[in-house]
Amino acid sequence: MGAPGRELQGGASSAGAIRLLLALGCYLRAALPYNLDTLSAQVYQGPDGALFGYSVLLHSHGPSRWLVVGAPKANWSTNSSVVNPGAIFKCQIGRNPKRDCDLFQVG
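First residue of the sequence shown? That's 11 in our numbering, and the numbers climb one at a time after it.
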């Protein structure tokens, strides 16, 4: 171990190491994570047992915004030949007081 101001193993001085730690501390402080608003959260629900919300994507087009939500175990009423084919839902954000989601027709 070296005394303050003397060379440490690897050639760095203790003052240089302290400056490096202080500089890293400043950058880490600026990189704090964000929090989600849990008090005014918007909750959307899908079919029971469908794993609704397994994947979620926020989509916008002009002033309209939607959540595109995956439900890998959902069933379609129009596709009864496949058991649990999965489905994609489109949920409008904003003018949707009931928070309804529509089945997104793919194919």
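Glycine included, each C-beta is placed from N, C-alpha and C at the ideal position.
Straight across, the Cα-Cα distance linking V92 with P82 is about 13 Å. Taken through DSSP and simplified to helix, strand or coil, S91 comes out as coil. Membership of S70 in the beta strand (DSSP E) is indicated by the continuous run S65 to H71.
The bridge partners DSSP lists for F99 are V79 and L113. The Cβ-Cβ distance between V79 and G63 falls below 7 Å. Taken atom to atom, the span from the alpha-carbon of Q115 to that of D47 is near 31 Å. Here I98 has V78, V79, G80, A81, L113, F114 and V116 as same chain residues with Cβ atoms under 8 Å from its own Cβ, once five neighbours each way along the sequence are excluded.
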